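Residue numbers (the numbering used here): 117 to 175.
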């Protein structure tokens, strides 16, 4: 249960960070696709690191 809550909090924090990045580095409309790719890549990287972290903990 604790791990699940921790994962939820981390997802919320990462989403909030992406929102902040969105606000402070607001780009013109033509960059929306690049920004979307950046978000997708950062979320994928985060999920990969998190699953790796869980894997290391379970060893």
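Note that beta-carbon positions come from the ideal geometry of N, C-alpha and C, so glycine has one too.
This one's a predicted model, so the numbers in the text were calculated from it and none came from an experiment.
Could you give the DSSP three-state label for residue i: helix, strand or coil?
i	result
residue 175	coil
Quick check: what's the CA-CA separation for residue i versus residue j?
i	j	result
residue 173	residue 133	25 Å
residue 124	residue 171	17 Å
Just tell me which of the options has its CA closest to the CA of residue i.
i	options	result
residue 131	162, 167 and 150	162
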